[in-house]
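K.L.:
In short: position in the sequence shown from 1, add 37, done, that's our numbering.
Backbone N, C-alpha and C define an ideal beta-carbon position, used for all residues, glycine too.
Owing to the predicted nature of the structure, the values given are computational and were not obtained by experimental measurement.
The structure that follows is given in the form of structure tokens.
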Amino acid sequence: MDYTPEAGSITMFSTSWCGYCKRLKSQLESTGIPYTEINIENVEGTAEIVESLNGGNQTVPTVLYPDGSAATNPSLADVKAALDRAAS
Numbered sequence: 038m039d040y041t042p043e044a045g046s047i048t049m050f051s052t053s054w055c056g057y058c059k060r061l062k063s064q065l066e067s068t069g070i071p072y073t074e075i076n077i078e079n080v081e082g083t084a085e086i087v088e089s090l091n092g093g094n095q096t097v098p099t100v101l102y103p104d105g106s107a108a109t110n111p112s113l114a115d116v117k118a119a120l121d122r123a124a125s
């Protein structure tokens, strides 16, 4: 399955217990950046996607951008910058 998001949004791979994930979700919501959250503990095959993006580690949050690039535990500023780059 392709989890690449639409332009202007992100896909965030997370877990229910991840504090960094909760923080990023809150920041995305407060700034109005659309995202799709995928819990890697509940969606089959997604833990393996995260591992492939992080050198074998299941590190979350892992964010997938519309251009196909990914970032591990990005700041809100990093997310905004990546979306701005993708839009230009």
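(1) Who are Ser51's beta bridge partners in DSSP?
(2) From the DSSP output, which residues share a beta bridge with Leu120?
(3) Have a look at Ser125, Gly93, Asp121 and Tyr40 and flag the residue whose alpha-carbon is nearest the alpha-carbon of Val80.
(4) Given 8 Å as the limit, is there contact between the region 85 to 96 and the region 58 to 71, that is, 3 or more CB pairs closer than that?
(5) Quick one: what's got a C-beta closer than 8 Å to Thr52's C-beta in the same chain, skipping five residues either side?
(6) Tell me the rounded alpha-carbon separation between Leu101 and Met49.
P.N.:
Taking the geometry as given:
(1) For this step, residue 51 is matched to residue 14 along the sequence shown. Asn76, per the DSSP bridge assignment.
(2) On the sequence shown, residue 120 is found 83 positions in, with the first residue counted as 1. Paired residues: none, contrary to the question.
(3) The residue you call residue 80 lines up with position 43 of the sequence shown. Of the candidates Ser125, Gly93, Asp121 and Tyr40, the one whose C-alpha sits nearest the C-alpha of Val80 is Tyr40.
(4) Contact fails between the region 85 to 96 and the region 58 to 71, because fewer than three Cβ pairs, one in each stretch, are under 8 Å apart.
(5) For the purposes of this step, residue 52 is taken as residue 15 along the sequence shown, with counting starting at 1. If we look at Thr52 and ignore the five residues flanking it on each side, its Cβ neighbours are Cys58, Asn76, Ile77, Glu78 and Val97.
(6) Residue mapping note: residue 101 aligns to position 64 of the sequence shown, counting from 1. Residue mapping note: residue 49 aligns to position 12 of the sequence shown, counting from 1. Distance between the alpha carbons of Leu101 and Met49 is about 6 Å.
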